[in-house]
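Take the sequence shown: its letters are residues 95 to 249, numbered as in this note's numbering. For every residue, glycine included, the Cβ atom is placed at its ideal position computed from N, Cα and C.
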Amino acid sequence: MTRTLQALVVAAALSPFSMPAAAEETPLSAQDFQTRIDEAATPIGKAKAPVACAGLVAALRIASPDESNAKEMFKTLEEEMVFYAMMTRRQDAGEEQQAALDATVPLVRDVSAIYLEWFNQNQRLNGELINSALRTNFSFCERMRDEMKAALESQ
């Protein structure tokens, strides 16, 4: 599949997200957030990790200033991760492309909402959106993306 077609397929399935309101509750730990993310992505099977990564970069895109280069970079990365999640789902479940995409996108939205809550809590408590656990998650996602990209290109 060409990169342009890949971007069109994914972009057609993605719709704008919005930042959830910050709740005034007891702060959750990084492990609590990670557990919620894992639970939200679990229904997708083997595509769990790329769904979680797509949700992270979707949240980073949403949280980025509108006029920043980061917003476009995260949008591109989000599209790639949704594509890899969809391809993993297709292989795992034997689904057609649209069915796999339809299974993937709602879970990406759910995971993204959890990440946005995490960002909001970090901002409220520490004055920064991103903490070390989120940096670790992002580094994992970058490595996984590179590995999936290389595997796809070698086919």
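(1) Which ranges would you report for the alpha helix (DSSP H) in the segment 180–204 if only whole runs of at least 4 residues count?
(2) Please state whether DSSP places residue 223 in a helix, a strand or coil.
(3) So does the segment 160–169 actually touch the segment 233–242, counting three or more Cβ pairs closer than 8 Å?
(4) Put residue 123 into one of helix, strand or coil per three-state DSSP.
(5) Please report the straight-line C-alpha distance between residue 216 and residue 179, rounded to a whole angstrom.
(6) Does the Cβ of residue 224 lie closer than 6 Å to at least one heavy atom of the ligand SAH?
(7) Using a 10 Å radius around the Cβ and a threshold of 16 neighbouring Cβ atoms, would you call residue 152 buried or exposed?
(8) Count the other CB atoms within 10 Å of the CB of residue 169; is the residue buried (16 or more) or exposed (fewer)?
(9) Between residue 223 and residue 213, which are expected to be in contact by the criterion C-beta below 8 Å, what is the C-beta distance as a whole number of angstroms?
(10) Would you kindly work out how many angstroms separate the C-alpha atoms of residue 159 and residue 185, rounded to a whole number?
(11) For residue 171, which residues of its own chain have a beta-carbon under 6 Å away from its beta-carbon, when the five flanking residues on both sides are left out?
(12) Applying the criterion that 16 or more other CB atoms from any shown protein chain within 10 Å of the CB defines a buried residue, is residue 244 buried or exposed?
(13) Pick from 130, 125 and 131: whose alpha carbon is nearest that of residue 226?
(14) In the DSSP assignment, find the unbroken alpha helix (DSSP H) run with residue 144 in it and report its ends.
(15) If residue 139 and residue 187 are in contact, beta carbons under 8 Å, what's the gap, nearest whole angstrom?
From the atom records:
(1) none
(2) In the sequence shown, residue 223 corresponds to position 129, counting from 1. The answer is coil: DSSP assigns residue 223 none of H, G, I, E or B.
(3) no
(4) As a position in the sequence shown, residue 123 is number 29, starting the count at 1. Three-state DSSP puts residue 123 in coil, outside helix and strand.
(5) Against the sequence shown, residue 216 aligns to sequence position 122. Against the sequence shown, residue 179 aligns to sequence position 85. Taking the straight line joining both Cα atoms gives about 27 Å.
(6) You won't find the ligand SAH in this model; it holds no ligand whatsoever.
(7) Here residue 152 refers to the residue found at position 58 when the sequence shown is read from its first residue. Flag for residue 152 reads buried.
(8) Locating residue 169 in the sequence shown gives position 75, counting from the first residue. So residue 169 ends up on the buried side.
(9) Position 129 of the sequence shown, counted from the start, is the residue given in the question as residue 223. Position 119 of the sequence shown, counted from the start, is the residue given in the question as residue 213. Yes, residue 223 and residue 213 are in contact; Cβ-Cβ is about 4 Å, under 8 Å.
(10) Taking the sequence shown and counting its residues from 1, the one referred to as residue 159 is at position 65. Taking the sequence shown and counting its residues from 1, the one referred to as residue 185 is at position 91. Going from the Cα of residue 159 to the Cα of residue 185 covers about 36 Å.
(11) One-based indexing of the sequence shown puts residue 171 at position 77. The answer, listed in chain order, is 151.
(12) As a first step, residue 244 must be located in the sequence shown, where it is residue number 150. Under this definition residue 244 is an exposed residue.
(13) In the sequence shown, counting from the first residue as 1, residue 226 sits at position 132. Here the closest residue by C-alpha is 125.
(14) Residue numbering aside, residue 144 sits at position 50 when the sequence shown is read from its first letter. First-last of the alpha helix (DSSP H) with residue 144: 142–157.
(15) Walking along the sequence shown from the start, residue 139 turns up at place 45. Walking along the sequence shown from the start, residue 187 turns up at place 93. Indeed they touch by this definition, with Cβ atoms about 7 Å apart.
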